[in-house]
Structures are given as structure tokens and as C-alpha cells.
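Residue numbers for the sequence shown follow my numbering, beginning at 14 and rising by one.
All C-beta atoms, glycine included, are put in the ideal place defined by N, C-alpha and C.
No experiment lies behind these values; they were computed from the predicted model shown.
These notes concern the structure reproduced below.
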Amino acid sequence: ITSYDAQENAAYYLAQIEGIDAMILGHQHSHFPGDFADIEGIDNDKGLIFGVPTVLPGSWGSHLGVISLDLAYDWNTGEWEVLDGSAALVPVDADVETHPLLAELVGPKHEATIEYVRTPIGWTDTEITSYFSRIMDNPVTQIINEAQIWWAEREFAGSEYEWLPILSAAAPFIAGRQGPSYFTHVQGDISIGSITDIYIYPNTVYVAKLNGEQIKDWLEAAASNFNQIDPSSAEPQHIVNYDFREYNFDVIEGIEYVYDITKPVGQRLVSAVFEGNPLDASMEFIVVTNNYRGSGGGNFPHVADNVILATTEINREAIIKYIQYIGEVDPAPTNNWKILPVETAGPLLYRSSPDGQGYVERNAIRGIELLEVDEAGWGVYEVDLVELSEYLEEAALQEVN
Numbered sequence: 014i015t016s017y018d019a020q021e022n023a024a025y026y027l028a029q030i031e032g033i034d035a036m037i038l039g040h041q042h043s044h045f046p047g048d049f050a051d052i053e054g055i056d057n058d059k060g061l062i063f064g065v066p067t068v069l070p071g072s073w074g075s076h077l078g079v080i081s082l083d084l085a086y087d088w089n090t091g092e093w094e095v096l097d098g099s100a101a102l103v104p105v106d107a108d109v110e111t112h113p114l115l116a117e118l119v120g121p122k123h124e125a126t127i128e129y130v131r132t133p134i135g136w137t138d139t140e141i142t143s144y145f146s147r148i149m150d151n152p153v154t155q156i157i158n159e160a161q162i163w164w165a166e167r168e169f170a171g172s173e174y175e176w177l178p179i180l181s182a183a184a185p186f187i188a189g190r191q192g193p194s195y196f197t198h199v200q201g202d203i204s205i206g207s208i209t210d211i212y213i214y215p216n217t218v219y220v221a222k223l224n225g226e227q228i229k230d231w232l233e234a235a236a237s238n239f240n241q242i243d244p245s246s247a248e249p250q251h252i253v254n255y256d257f258r259e260y261n262f263d264v265i266e267g268i269e270y271v272y273d274i275t276k277p278v279g280q281r282l283v284s285a286v287f288e289g290n291p292l293d294a295s296m297e298f299i300v301v302t303n304n305y306r307g308s309g310g311g312n313f314p315h316v317a318d319n320v321i322l323a324t325t326e327i328n329r330e331a332i333i334k335y336i337q338y339i340g341e342v343d344p345a346p347t348n349n350w351k352i353l354p355v356e357t358a359g360p361l362l363y364r365s366s367p368d369g370q371g372y373v374e375r376n377a378i379r380g381i382e383l384l385e386v387d388e389a390g391w392g393v394y395e396v397d398l399v400e401l402s403e404y405l406e407e408a409a410l411q412e413v414n
């Protein structure tokens with residue numbers, strides 16, 4: 014219900030069908046009633062969508078959704094009728110008392126789960142962070158893509174697809190969507206629980222066979238991550254379109270590509286090469302992704318129509334196995350993609366965690382500087398794309414050497 018997109022927000026349309034008495038929604042980690050205003054048919058006070066009582070109770074057990082219905086029984090027809098209804102969310106916070114019987118029932122399972130997620134699987138000296146994942150290559154998508162390529166090499170060994178180059182697509186899943194503290198930061202000991210901070214969703218591995226032109230279309234779709242920048246404007250401009258969900262900003266490993274963010278959507282990919290050769294329709298690749306993208310999630314072109322393998326292997330498990338196999342991992346970004354450097358009359362801005370400044374300083378990243386922490390707690394950074402591009406080129410050369 015955050016938009017009128019029928020695929021992502023079917024409840025908005027279901028509520029307009031006669032005979033639906035109440036709805037319990039999920040998937041989006043939002044709150045209803047509460048988060049939504051100024052949308053036709055939505056009553057945030059009573060928790061109604063076109064008159065239908067509805068709850069969308071956040072995530073991780075943060076709220077209890079309560080639906081109240083005023084019912085009447087028709088003795089002639091033997092059926093119940095809904096006369097009125099409303100919905101509300103009750104926050105589950107520290108003031109909520111624990112039910113002793115429930116604690117007794119789930120306590121052992123809870124403790125066993127905690128012990129499991131604390132199981133060590135490896136180590137990294139690299140800061141696996143997503144602070145700047147929407148403007149530059151980063152360790153989060155790097156470790157995911159390395160693991161998925163490793164998985165695919167073993168999966169397709171000896172198969173009819175063995176001869177095809179393997180690419181991998183991954184997005185920075187925890188990159189600010191729920192606020193300035195919602196970013197990945199993993200370093201040192203890596204546990205099973207750490208992988209949830211890297212790959213939060215329980216997706217399963219899907220693999221598509223695509224040609225070079227189709228992959229270019231995929232990258233163009235991902236480039237909706239950016240705003241169109243006007244180099245002549247003296248006004249501050251944010252590089253990233255924050256309404257575009259970070260889980261749709263796919264980074265594809267195994268090729269090199271460049272975006273020009275002064276161009277409109279659909280025209281931003283100015284270069285995409287594989288081993289020095291421009292991508293074209295004659296080139297074929299295996300691309301490892303997940304069931305969300307492989308089932309059409311995000312409306313990316315070509316992917317769902319060209320899936321050659323749909324597995325029940327959870328992407329997180331592939332990452333866990335990879336790290337267990339390697340032991341000590343170093344997912345330093347290959348910087349295989351970048352934004353074309355452009356000089357602008359006014360400042361270019363990027364919003365992230367204030368903690369990102371420490372990451373910039375520890376890694377001597379040039380071209381990114383913290384300007385302020387705003388009232389909402391966001392770190393507002395100024396980005397010099399020319400200086401950042403020079404830094405990334407130097408970092409890529411160091412990685413090769």
C-alpha cells in the first residue's frame with residue numbers, strides 16, 4: 014500500500030472486492046495503520062482500506078495487529094454479517110509482560126536458536142559494510158557475489174552449461190531503508206548470525222542464462238537507483254533516489270560497467286564489458302541470483318523468462334558454506350562498476366549512517382566527506398565524483414596487483 018503498484022501492493026485492490034471482511038498483510042516491513050497518509054481509500058485512524066479493517070504489523074514481532082469486528086448473526090440465513098470494524102497496532106515493547114507459559118514453551122527453542130546463530134564460521138579483517146553501497150562497489154555485495162559464483166562453479170561442473178562464464182547479481186539489502194542505523198557492518202569473527210546482517214532475506218538460489226544485451230537491460234533497470242543529475246545546477250543534488258528500494262540495486266560481478274547519472278532512466282549505462290569486450294547479444298552467461306528476482310520481483314526484464322535452475326538452496330546457506338570453506342575471507346571490492354565522474358556547479362550529496370565517516374577515514378577513501386548529521390540522525394555526505402573515481406581506479410589496480 015505504499016504505492017499503486019498492483020504487484021507489490023495487491024491488498025489495495027483486494028480491499029475493493031466485495032466479500033473481504035478483514036486483511037492481515039506482510040512482506041513489507043511497514044506499519045498499518047500508521048505509516049500511510051493522503052492515499053485515496055485509506056483511513057489511518059480506523060485502520061481501513063476501502064472500509065476493510067487491515068493490519069500490517071511491522072517486522073520482527075515489533076507490533077501485534079488487532080482487528081475488531083462488530084458482528085451480527087442472521088437467524089434466517091444462518092450466516093454472520095460484519096456490521097463495522099476497525100484495526101490497530103499494539104507495540105510490543107519492554108512494558109509488555111512476558112507470559113510465563115509461553116516463556117516455558119519457547120524458552121528452550123529460543124536458547125538453542127541463539128546458540129546456533131553464534132556458531133563461528135570464519136573470520137575477516139575487512140570491514141563488510143553497506144554505508145556507501147549505493148554509490149560505489151562495496152564488500153557486502155562482493156562477499157555475496159563471490160559466494161554465489163563459488164556455489165555455481167560446483168553446481169554446474171560437468172553440466173551442459175559448464176562452458177558458460179558465470180556472473181552473479183546481488184544487492185545491498187541493509188542500506189538505510191529503515192533509518193540511519195539500518196546498515197551492515199561485520200568485521201572480525203563471522204558467525205552464522207553475521208550472515209543475516211549481510212543477507213537478511215531467506216531467498217533461494219536461482220540461475221538464469223542471459224545474453225549480453227539482456228544483462229545490459231538488467232543493469233539499466235538497476236540504475237533507477239540514481240537521480241538524474243544536472244551538472245549546471247548550483248543547488249545541492251542527492252545522487253541516490255531513496256524511493257528506489259536498495260534490494261533492487263543489483264550489482265553484477267564478473268563484468269565491468271559504468272553509469273552516467275546525468276542521463277535519464279534507461280540511458281545511463283554507457284559501458285559494459287566482459288574481459289575487455291563490449292557486451293552484445295552473441296555472448297551468453299550464467300547469472301546467479303535469487304528467487305525474488307528470478308520470479309519477476311522488481312520487474313527486471315528477461316530474468317524470470319530465462320531461469321534454468323530454481324533451487325531450494327537458501328542464498329545465506331551458500332554464503333555460509335563458502336566462508337566455512339575459505340576460512341578467512343577478504344571481500345575487498347573489485348570496483349568493477351562505477352559512476353562516470355562529472356563536475357557539477359553545486360554539491361552532490363549522499364545520505365547514510367554517520368558511522369560511515371569512520372569507515373571513510375579508516376580506509377582513506379577520497380571524495381566523500383561528512384557535512385552534517387541532520388535532525389533525523391542521517392549523515393549527509395558531500396561526494397566529489399571526480400576524486401572518488403580516481404580513488405576507485407587506484408584501489409582496483411591495487412586489488413589486481
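C-alpha distance - Asp251 paired with Glu388, whole-angstrom precision: Note that residue 251 is His in the sequence shown here, rather than Asp. Taking the straight line from one Cα to the other gives about 17 Å.
Reference Ser207, options Val399, Arg364, Ile141, closest by Cα: When each option's Cα is compared against that of Ser207, the closest is Ile141.
Cβ contact check for the segment 93-101 and the segment 52-69: 3 or more pairs under 8 Å: A contact exists between the segment 93-101 and the segment 52-69.
Coil, strand or helix - Lys334 by DSSP: Lys334 falls in the helix class under three-state DSSP.
Alpha carbon of Ile378 to alpha carbon of Pro152, nearest angstrom: CA-CA distance, Ile378 to Pro152, rounds to 14 Å.
Nonlocal neighbours in the same chain, by C-beta distance under 7 Å from Glu400, ignoring five residues either side: Contacts found: Arg379, Gly380.
Residue from Leu232, Thr275, Asp243, Asp293 with nearest C-alpha to Val264: Looking at the Cα atoms, Leu232 is the closest of the given residues.
Whole-number beta carbon distance between Gly60 and Asp23, since they are thought to touch under 8 Å: With the sequence shown as reference, residue 23 is identified as Ala, and Asp is not the correct amino acid for it. Taking 8 Å as the upper bound for CB-CB distance, Ala23 and Gly60 are not in contact here, some 18 Å apart.
Spatial neighbours of Val342 in its chain, beta-carbon cut-off 7 Å, leaving aside the 5 residues before and after: Closer than 7 Å at Cβ, skipping near neighbours: Gly135, Thr137, Ile156, Ile336.
Distance between beta carbons of Ser181 and Val300, contact taken as under 8 Å: About 7 Å separates the two Cβ atoms, so the contact holds.
Euclidean distance between Cα positions of Glu385 and Ala236: Their backbone Cα atoms lie some 27 Å apart in a straight line.
Host beta strand (DSSP E) of Glu140 (start-end): Run containing Glu140: 133-142, per the beta strand (DSSP E) assignment.
Sufficient close CB pairs (3 or more, under 8 Å) joining the segment 35-54 to the segment 69-76: Touching, yes, given that three or more Cβ pairs across the two stretches are closer than 8 Å.
Alpha carbon of Ser402 to alpha carbon of Gly189, nearest angstrom: Separation of Ser402 and Gly189 (C-alpha to C-alpha, rounded to the nearest whole angstrom) is 23 Å.
Pairwise C-alpha distance: Ile127 and Tyr255: Rounded to whole angstroms, Tyr255 and Ile127 show a C-alpha spacing of 34 Å.
Integer-rounded CB distance, given that Leu361 should sit under 8 Å from Val393: The pair is not a contact, with the Cβ atoms about 11 Å apart (cut-off 8 Å).
Assigned secondary structure, Pro314 (DSSP; H/G/I helix, E/B strand, else coil): Here Pro314 sits in coil by DSSP.
Pair within 9 Å by beta-carbon distance, Val119 and Val103: The answer is no: Cβ separation not under 9 Å.
Beta-carbon spacing of Gly267, Pro178 below 9 Å: Yes, these two residues count as a Cβ contact at 9 Å.
For Asn290: DSSP bridge partner residues: Looking at the DSSP output, Asn290 sits in a beta bridge with Phe287.
Cβ-based neighbour list, His315, same chain, cut-off 8 Å, excluding 5 preceding and 5 following: Only Ala221, Leu223, Gln227, Asp230, Trp231 meet the Cβ criterion.
Residue environment, Ser143, which counts as buried when at least 16 other CB atoms sit within 10 Å: Buried, by the Cβ-count rule.
Bridge partner(s) assigned by DSSP for His40: His40 is not bridged to any residue.
Contacts around Asp56, its chain only, beta-carbon distance under 6 Å, and the 5 residues preceding and following it disregarded: Cβ within range, chain order: n/a, list empty.
Stretch pair the segment 316-324 + the segment 199-219: three plus CB contacts closer than 8 Å: The segment 316-324, when compared against the segment 199-219, does touch it at the 8 Å Cβ threshold.
Inter-residue Cα distance where the pair is Asp18 and Gly192: Note that Asp18 has pLDDT 49, beneath the 50 cutoff, so the model's placement of it is unreliable and no number is given.
Residues near Ser16 by beta carbon distance below 7 Å, same chain, minus five either side: Any reading at Ser16 must be qualified, since the residue scores a pLDDT of 42, below 50, and its modelled position is unreliable; the value itself is stated next. If we look at Ser16 and ignore the five residues flanking it on each side, its Cβ neighbours are Asn22.
Thr90, buried or exposed, once every other Cβ within 10 Å from all chains shown has been counted against 16: Taking all protein chains in view, the Cβ of Thr90 is surrounded by fewer than 16 other Cβ atoms within 10 Å, so the residue is classified as exposed.
Through-space distance from Thr302 to Ser295, alpha-carbon basis: Answer to the nearest angstrom: the Cα atoms are 21 Å apart.
Trp164, DSSP secondary structure in three states: DSSP places Trp164 in the helix class (H, G or I) of the three-state scheme.
Reduced DSSP secondary structure (H/G/I, E/B, other) of Glu341: The three-state secondary structure of Glu341, taken from DSSP, is strand.
Nearest-angstrom Cα separation, counted from Ala285 out to Glu269: So the alpha carbons of these two residues sit roughly 6 Å apart.
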